[in-house]
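Under numbering that gives the first Met the number 0, residues 0 to 393 are what the sequence shown spells out, in order.
Note that CB positions come from ideal geometry on N, CA and C, so glycine has one too.
Single-structure report; data block below.
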Amino acid sequence: MELSRITRQFTESIIRDMTRVALRHPGSINLAQGFPDFPAPEPIKRAAIEAIQNDMNQYAVTWGITPLREGIATTAQRYNGIEADPDKNITVTCGSTEAMMASLKAIINPGDEIIIFEPFYENYGPDCLLSGATPRYIRLRPPDWSFDFEELERLFNHNTKAIVINTPNNPTGKVFSEEELRFIARLCVEHDAIAVTDEIYEHILYDNHRHVSIASFPEMAENSITINSISKTFSLTGWRVGWAIASERITREIRKVHDFLTVGSAAPLQHGAAFALTLEEDYYRWLSEFYLNARDTLYQSLLETDLRPYKPAGAYYIMCECSDFMQRHQSQNSLDLAYYLVKNIGIATVPGSSFYSVPGYGQFQIRFCFCKNPQTLHQAKLYLAKIRKTAGSG
Ligand SMILES: Cc1ncc(COP(=O)(O)O)c(C=O)c1O
């Protein structure tokens with residue numbers, strides 16, 4: 000019996016596999032998968048516990064409880080300049096993962112193409128294939144991870160239905176500039192394509208970089224879907240609460256897909272998420288200071304090694320160029336290197352190859368995450384000292 004031809008086109012997630020590899024190496028530090036190892040905020044946890052005790056334990060309204068959709072509308076207006084009606088423009092989903100899948104399923108027809116920047120968050124390729132579209136890739140190039148405007152313009156054609164943007168970006172830490180987003184918006188309007196933006200790291204920014212939502216441009220109101228979740232902003236990756244904001248017309252379709260995919264996100268956790276969105280400025284200030292320290296600690300530790308880190312402008316990952324180190328250790332490719340690092344240094348990372356459509360593009364790169372408490376990052380510094388820069392090395 001032949002199983003799905005679509006699922007045969009992709010593998011299991013390497014990121015989540017590296018977490019399993021870390022578990023098989025006791026004492027190793029997991030800087031592979033992006034989840035915090037410190038407690039989530041107490042008042043948010045209390046709000047969810049109270050919701051369970053108050054018996055908010057049955058199915059919620061499919062597209063999300065009203066207080067959460069209202070909170071999403073308020074924060075979208077405050078932080079993103081997006082006007083959203085909680086009843087018409089917002090769908091609460093099981094994390095931004097489901098928001099992306101439901102959004103693509105809601106807009107794609109056979110023959111459609113989706114443009115994806117690479118290196119990419121590894122879900123986007125499978126999301127695109129599962130929705131029935133053909134992915135088209137454009138490279139972000141180091142050191143600033145910029146893209147070629149003309150190359151992007153050439154990629155747009157009459158089959159282009161969407162472009163996936165992730166800003167701040169995983170794995171590169173790039174924050175798309177307003178100029179880049181305005182250029183993309185112009186192409187979307189010209190080709191009647193939809194910008195699907197994953198903005199889950201919007202509050203994790205460094206060195207005065209500013210987050211811009213493409214949906215805040217008036218001409219993009221009908222041509223954008225903005226995806227977000229509580230996973231990264233509130234360190235609640237296991238709760239699986241996210242959302243999609245879109246025009247009423249698009250939202251109607253997203254809600255249908257969402258309903259039949261999952262019915263809804265966990266009801267009591269939606270109450271906890273609604274409380275999270277009421278937190279004031281000092282929470283967001285704490286978050287960015289915490290991650291600025293974490294970034295600087297890991298970046299400095301990496302600078303002292305033979306790996307060459309790119310300093311991220313946002314999100315909580317550092318990509319490293321490793322060709323010199325790999326030559327010295329005869330690593331064939333980035334997967335080889337990732338296994339070497341977990342076995343010999345005690346740190347799990349993600350091989351660069353898993354972020355590209357052609358694995359070879361990332362064969363000299365590796366990604367570290369730093370959403371970890373200071374003690375973990377201090378321990379990582381000690382482990383990384385084992386590969387301290389040697390005299391004469393790059
Ligand atoms: C860019 C990006 N999008 C989405 C996700 C998954 O988000 P969620 O937990 O909201 O499904 C991740 C997780 O690492 C991510 O890095």
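- prompt: Between which two residues does the beta strand (DSSP E) carrying A194 extend?
  reply: Position 195 of the sequence shown, counting from 1, holds the residue named residue 194. For A194, the enclosing beta strand (DSSP E) has its first and last residue at 193-197.
query: Does the Cβ of D197 lie closer than 6 Å to at least one heavy atom of ligand 1?
result: To locate residue 197, count along the sequence shown from 1; it is residue 198. Yes, ligand 1 has a heavy atom inside 6 Å of this Cβ.
message: Quick check: does the Cβ of S234 come within less than 6 Å of any heavy atom belonging to ligand 1?
response: As a first step, residue 234 must be located in the sequence shown, where it is residue number 235. No, ligand 1 has no heavy atom inside 6 Å of this Cβ.
query: Hey, is N108 close to ligand 1, as in C-beta under 6 Å from one of its heavy atoms?
result: Here the question's residue 108 lines up with position 109 in the sequence shown. Outside the cutoff, so no.
task: Can you say whether E112 is buried or exposed, counting buried as having 16 or more other CB atoms within 10 angstroms of its CB?
output: Translated into positions along the sequence shown, residue 112 becomes position 113. By the 10 Å Cβ count, E112 comes out buried.
query: What whole-angstrom Cβ distance do L180 and I203 have, given they're in contact under 8 Å?
result: One-based indexing of the sequence shown puts residue 180 at position 181. One-based indexing of the sequence shown puts residue 203 at position 204. The C-beta distance from L180 to I203 rounds to 18 Å, too long to meet the 8 Å contact threshold.
First through last residue of the alpha helix (DSSP H) which encompasses V163: Residue numbering aside, residue 163 sits at position 164 when the sequence shown is read from its first letter. Element bounds for V163: not the alpha helix (DSSP H) but the beta strand (DSSP E), 159-165.
message: I'd like to confirm something about W238: is its beta-carbon nearer than 6 Å to some heavy atom of ligand 2, or not?
response: Questions concerning ligand 2 fall outside what the structure shown contains, since the ligands it does hold are ligand 1.
task: With a threshold of 16 other CB atoms inside 10 Å of the CB of N292, please say whether the residue is buried or exposed.
output: By 1-based counting over the sequence shown, the position of residue 292 is 293. That one is exposed.
message: At 3 residues or longer, what runs of the beta strand (DSSP E) sit wholly inside the stretch 81-109?
response: 89-92
query: A265 by DSSP, collapsed to three states: which one?
result: Taking the sequence shown and counting its residues from 1, the one referred to as residue 265 is at position 266. In this structure, A265 counts as coil in the three-state DSSP scheme.
- prompt: Rounded to a whole number of angstroms, what is the C-alpha to C-alpha distance between G263 and I64?
  reply: Counted from its first residue, the sequence shown places residue 263 at position 264. Counted from its first residue, the sequence shown places residue 64 at position 65. One C-alpha to the other measures close to 10 Å.
- request: Starting from the Cα of P167, find the closest Cα among G361, P311, F354, P125 and give me that residue.
  value: Along the sequence shown, one-based indexing puts residue 167 at 168. Nearest C-alpha to P167: P311.
message: ligand 1 and S230: does any heavy atom of the ligand fall closer than 6 Å to the residue's C-beta?
response: Here residue 230 refers to the residue found at position 231 when the sequence shown is read from its first residue. Flag set: Cβ of S230 near ligand 1.
- request: Please report the residue range of the alpha helix (DSSP H) in which N292 lies.
  value: By 1-based counting over the sequence shown, the position of residue 292 is 293. It spans 280-302 - the alpha helix (DSSP H) in which N292 sits, taken as one unbroken run.
message: Can you tell me where the alpha helix (DSSP H) holding P443 begins and where it ends?
response: Here the chain covers residues 0 to 393 and nothing more, so residue 443 does not appear.
- prompt: When we look at the beta-carbon of K87 and count the other beta-carbons within 10 Å, is it buried (16 or more) or exposed?
  reply: Along the sequence shown, read from residue 1 onward, the residue named residue 87 stands at position 88. Exposed, since its Cβ has fewer than 16 Cβ neighbours within 10 Å.
field: Where E177 falls: helix, strand or coil (DSSP)
entry: Start at 1 with the first residue of the sequence shown, and residue 177 comes out as number 178. In this structure, E177 counts as helix in the three-state DSSP scheme.
message: Let's see if you can read the secondary structure: which residues bound the beta strand (DSSP E) around R68?
response: As a position in the sequence shown, residue 68 is number 69, starting the count at 1. Run containing R68: none in the beta strand (DSSP E); it sits in the alpha helix (DSSP H), 65-79.
query: In or out: L381 buried (at least 16 other Cβ within 10 Å) or exposed?
result: Reading the sequence shown from its first residue, position 382 is the one you call residue 381. It is exposed - the Cβ of L381 has fewer than 16 other Cβ atoms within 10 Å.
- prompt: Can you give the Cα-Cα distance for R15 and A31, rounded to whole angstroms?
  reply: Position 16 of the sequence shown, counting from 1, holds the residue named residue 15. Position 32 of the sequence shown, counting from 1, holds the residue named residue 31. Taking the straight line joining both Cα atoms gives about 8 Å.
- prompt: Can you name the start and end residues of the alpha helix (DSSP H) that I48 belongs to?
  reply: Counting from one through the sequence shown, the residue named residue 48 turns up at place 49. Segment 41-52, the alpha helix (DSSP H) holding I48.
message: For L103, which residues in the same chain have their Cβ closer than 6 Å to its Cβ, ignoring the five residues on either side in sequence?
response: Translated into positions along the sequence shown, residue 103 becomes position 104. Closer than 6 Å at the Cβ level, and outside the excluded window around L103, lie D126, S130.
message: Tell me whether G26, by its Cβ, gets closer than 6 Å to a heavy atom of ligand 1.
response: If you number the sequence shown from 1, residue 26 lands on position 27. Result no, Cβ not under 6 Å from ligand 1.
message: Looking at ligand 1, does it come within less than 6 Å of Y120, judged from the CB to the closest heavy atom?
response: Position 121 of the sequence shown, counted from the first residue, corresponds to residue 120. Yes; taking the cut-off as 6 Å, the Cβ of Y120 has a heavy atom of ligand 1 nearer than that.
message: I'd like the list of long-range same chain contacts for G361, defined as Cβ closer than 8 Å, with 5 residues on each side in sequence excluded.
response: Translated into positions along the sequence shown, residue 361 becomes position 362. Within the same chain, and ignoring the five residues on either side of G361 in sequence, the residues whose Cβ sits closer than 8 Å to its Cβ are P118, S333, P350, G351, S352, S353, F354, Y355.
message: Using C-beta distances below 6 Å, list every residue in its chain close to H190, excluding the 5 sequence neighbours before and after it, in chain order.
response: Residue 190 sits at position 191 when you count from the first residue of the sequence shown. Closer than 6 Å at Cβ, skipping near neighbours: F155, T159.
- prompt: If F289 and I43 are in contact, beta carbons under 8 Å, what's the gap, nearest whole angstrom?
  reply: As a first step, residue 289 is located in the sequence shown; it is residue number 290 there, counting from the start. As a first step, residue 43 is located in the sequence shown; it is residue number 44 there, counting from the start. Their Cβ separation, rounded to whole angstroms, is 16 Å, which puts F289 and I43 out of contact at 8 Å.
DSSP-derived helix/strand/coil call for S130: Position 131 of the sequence shown holds residue 130. Looking at S130 - three-state DSSP - the assignment turns out to be helix.
- request: Run the proximity test for S287: is its beta-carbon closer than 6 Å to any non-hydrogen atom belonging to ligand 1?
  value: If you number the sequence shown from 1, residue 287 lands on position 288. Because no heavy atom of ligand 1 lies under 6 Å away, the Cβ of S287 does not count as near it: no.
query: Under 6 Å from any heavy atom of ligand 1, does the C-beta of G33 make it?
result: Reading the sequence shown from its first residue, position 34 is the one you call residue 33. Yes, since a heavy atom of ligand 1 falls inside the 6 Å radius drawn around the Cβ of G33.
message: Quick check: what's the CA-CA separation for G80 versus A72?
response: By 1-based counting over the sequence shown, the position of residue 80 is 81. By 1-based counting over the sequence shown, the position of residue 72 is 73. The straight-line gap from Cα to Cα measures roughly 10 Å.
query: Can you tell me the Cα-Cα spacing of M55 and W285, whole angstroms?
result: Residue numbering aside, residue 55 sits at position 56 when the sequence shown is read from its first letter. Residue numbering aside, residue 285 sits at position 286 when the sequence shown is read from its first letter. Taking the straight line from one Cα to the other gives about 30 Å.
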